[in-house]
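In what follows, a single structure is set out as structure tokens and then discussed.
Written as structure tokens, this is what we have:
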């Protein structure tokens, strides 16, 4: 276990008026939301920029389009590596808008001096993950920067997908009474990265949950159709940030039942040791769905028939009016669940 | 003018058997071609990876899909910046396959400490360039890495476009007798970056040619149709690398007439001072077209009616058999024009 040294803290104090980019601006939490709201979105002018994926109508077909850069460190971790993560992350972002991913691109930024064996291994991992997901990599790019100008390798994957007519899950569509479903145990990715990064004193049988979720989504939409109001993969910022984004986009309150949260004993123990809330820890292979109450049981049953959703469960409900995200704790009280503020784990994906 | 210090050379000797990534692997020249051929493409399995853009058939519509990372240094240069360059580069890659670009994504990798004013300025430049090109930025991503893990900002833009039925310019379609057209003066981008990077002793009125070419391409295809066999924007590696790629993909020889090459006096003088061949210098706002001889004059006339093509001209011809790319020199002799070997100007785009 590393000792706590307050002088070694690099995590900046959150401060919206800062004149420089901070690590927290990439956290998936509140600082990032402010950066998007104040700097990026006003300039680029698109409401779509705040979504994980955009929908573009092309010759009458709904094309879903999503991009993500991956800067995870270390590049290899229990349960995956930067290559498989880049494929899964983009496949999932496309899927969360209800689309079937049909093609991926991958752009490399390589640091001069990167061992060629690592590049081969990561490229093989991209290929394996893409093949397993059934989504081909059709184009790409390679840039090299001088030693010291990058940290080995960064990948940017972009995906396009096709959405059937009538399907439109959206962050803004949560409705009072919706049941909050989660497809699997939370916190696995973040804790796997953390355990791979430092000797933190917990033996790591914690493995990243990184996996593609598009077939699970297809099953859910086949069964639930338009009753599946919203889908979100709670990556950076964890379940807490995802729920806050949904709450804000839809103007609703959401209540989560702490007792219902699926957290593995290993993740729970590691979070407790480090003082982290599993609701703030990143995931790369589970999703949150907001489903109309009359369809929630059927959708949940269908999820459980798939390997990615075998431990799916209901964890909460959308309240009757606008409001915050709250957690009903194990002792029966209620606490407000905020977005992550500042930076918990830099370069988690 | 910088003095020549052989000990300061970081440019590696080209060597295919190297076990590490070299700067030359990002050059757009021969080392990069080897990296793609030996490492990237075999793993990813797509012929499409070697093209600047892929064509994906979606519900009967031909979608052209292209991605590029931008790591140019300096970030601001005469005639543009990393933001406008990222938009133009991807718009042009989509256009070179005959498509009309319809949407862009932009993914940022930001270094902790980047002044927020720079991020605002670059984002505004992305927005302005996208608006001017008529191609909206619809989605994006933001990652932040620790100080020292990137060089300020890297951008990855991805574009999707729609290609009309029957249009299919391709690197493999050059035919004997085709006329080689170039849309404008060459070498402007590379020399503008070089002049911005160092005090090289030439007063820089050299400005990058960075500009979108999709409307020029549309005009050419409207006039020339299927007679426009191949289109290529000669970016990294310059006209020489682009012609070699076309020659190889189509199995044809190409002869270029040195006297016909459009090189501005400023670029010519700077290249001579530095011992560079303008044919190897990067461009970001001109294109090469291989056009059937019976249509070449009409296509050329149409190009000249557009501002991006006002100085377009014919610079050569595809030979009758397979072979190399050669240049007929000013004195009437012929020399082989190879791809760039190793690295001429790292981080040119």
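Residue numbers (this note's numbering), protein chains in the order written: chain A, 4 to 352; chain B, 4 to 352.
Think of the CB as a built atom: it goes at the ideal place given N, C-alpha and C, for glycine as much as any other residue.
Neighbour list for residue i in chain A, Cβ cutoff strictly below 7 Å
i                    : result
residue 23 (chain B) : 116, 117, 118 and 119
residue 35 (chain B) : 145
residue 26 (chain B) : 115, 147 and 149
For residue i, the three-state DSSP class (helix, strand or coil)
i                     : result
residue 293 (chain B) : strand
residue 181 (chain B) : coil
residue 33 (chain B)  : helix
residue 189 (chain B) : coil
residue 160 (chain B) : strand
residue 346 (chain A) : coil
residue 42 (chain B)  : helix
residue 120 (chain A) : helix
residue 352 (chain A) : coil
residue 319 (chain A) : strand
residue 301 (chain A) : helix
residue 209 (chain A) : coil
residue 104 (chain A) : strand
residue 113 (chain B) : strand
residue 153 (chain B) : strand
residue 196 (chain A) : helix
residue 165 (chain A) : strand
residue 23 (chain B)  : strand
CA-to-CA distance, residue j to residue i, given in whole angstroms
i                     : j                     : result
residue 312 (chain B) : residue 90 (chain B)  : 19 Å
residue 126 (chain A) : residue 47 (chain B)  : 7 Å
residue 273 (chain A) : residue 296 (chain A) : 34 Å
residue 328 (chain B) : residue 259 (chain B) : 8 Å
residue 250 (chain B) : residue 143 (chain A) : 21 Å
residue 279 (chain B) : residue 347 (chain B) : 9 Å
residue 221 (chain B) : residue 84 (chain A)  : 42 Å
residue 41 (chain A)  : residue 238 (chain A) : 22 Å
residue 192 (chain A) : residue 284 (chain A) : 8 Å
residue 305 (chain B) : residue 165 (chain B) : 22 Å
residue 57 (chain B)  : residue 68 (chain B)  : 5 Å
residue 217 (chain A) : residue 171 (chain A) : 15 Å
residue 113 (chain B) : residue 131 (chain B) : 20 Å
residue 106 (chain A) : residue 269 (chain B) : 44 Å
residue 322 (chain B) : residue 177 (chain B) : 10 Å
residue 185 (chain A) : residue 223 (chain A) : 12 Å
residue 168 (chain A) : residue 55 (chain A)  : 20 Å
residue 175 (chain A) : residue 252 (chain A) : 5 Å
residue 240 (chain B) : residue 234 (chain B) : 16 Å
Listed by chain order, chain B residues near residue i by CB distance under 7 Å
i                     : result
residue 350 (chain A) : 148
residue 276 (chain A) : None at all; the shortest Cβ gap to chain B is about 24 Å.
Contacts that residue i makes with chain A (C-beta to C-beta distance below 8 Å)
i                     : result
residue 2 (chain B)   : Absent from the model: residue 2 (chain B). The displayed extent of chain B is 4 to 352, so no value can be given.
residue 46 (chain B)  : 123, 126, 127, 129 and 130
residue 38 (chain B)  : 145
residue 105 (chain B) : 59 and 61
Check: residue i C-beta below 8 Å from any heavy atom of the ligand MN
i                     : result
residue 124 (chain A) : The ligand MN is absent from the structure shown, which contains no ligands of any kind.
N-terminal and C-terminal residue of the alpha helix (DSSP H) that residue i is part of
i                     : result
residue 225 (chain B) : 217-227
residue 269 (chain B) : 268-277
residue 90 (chain B)  : 85-98
Listed by chain order, chain B residues near residue i by CB distance under 9 Å
i                     : result
residue 165 (chain A) : 61 and 62
residue 42 (chain A)  : 119, 122, 123 and 126
residue 87 (chain A)  : Per Cβ cutoff of 9 Å: no residues; residue 87 (chain A) is ~13 Å from chain B at best.
Chain A contact residues for residue i, given Cβ-Cβ distances below 9 Å
i                     : result
residue 225 (chain B) : Correct list: empty, because the minimum Cβ distance to chain A is about 19 Å.
residue 154 (chain B) : 148, 149, 151, 152 and 153
Limits of the unbroken beta strand (DSSP E) element including residue i
i                     : result
residue 250 (chain A) : No beta strand (DSSP E) contains residue 250 (chain A), which is instead part of the alpha helix (DSSP H) from 241-253.
residue 72 (chain B)  : 64-73
residue 234 (chain B) : 231-235
residue 143 (chain A) : 140-148
residue 339 (chain A) : 337-339
residue 61 (chain B)  : 57-61
residue 331 (chain B) : 328-331
residue 171 (chain A) : That residue, residue 171 (chain A), is in no beta strand (DSSP E); it is neither H nor E in DSSP.
residue 261 (chain B) : Taken as a continuous stretch (DSSP letters only), residue 261 (chain B) belongs to no beta strand (DSSP E), as it is neither H nor E.
Expected contact under 8 Å - CB spacing of residue i and residue j to nearest Å
i                     : j                     : result
residue 25 (chain A)  : residue 115 (chain B) : 6 Å
residue 244 (chain A) : residue 31 (chain A)  : 5 Å
residue 108 (chain B) : residue 44 (chain B)  : That belief does not hold up - the Cβ atoms of residue 108 (chain B) and residue 44 (chain B) are roughly 24 Å apart, past 8 Å.
residue 352 (chain A) : residue 187 (chain A) : No, residue 352 (chain A) and residue 187 (chain A) are not in contact; Cβ-Cβ is about 17 Å, not under 8 Å.
residue 210 (chain B) : residue 81 (chain B)  : 5 Å
Under 8 Å by beta carbon: chain B residues contacting residue i
i                     : result
residue 108 (chain A) : 57, 68, 69, 70 and 161
Chain-ordered residues of the segment 61-75 of chain B with a beta carbon less than 7 Å from chain E: Any reference to chain E falls outside this structure, whose protein chains are A and B.
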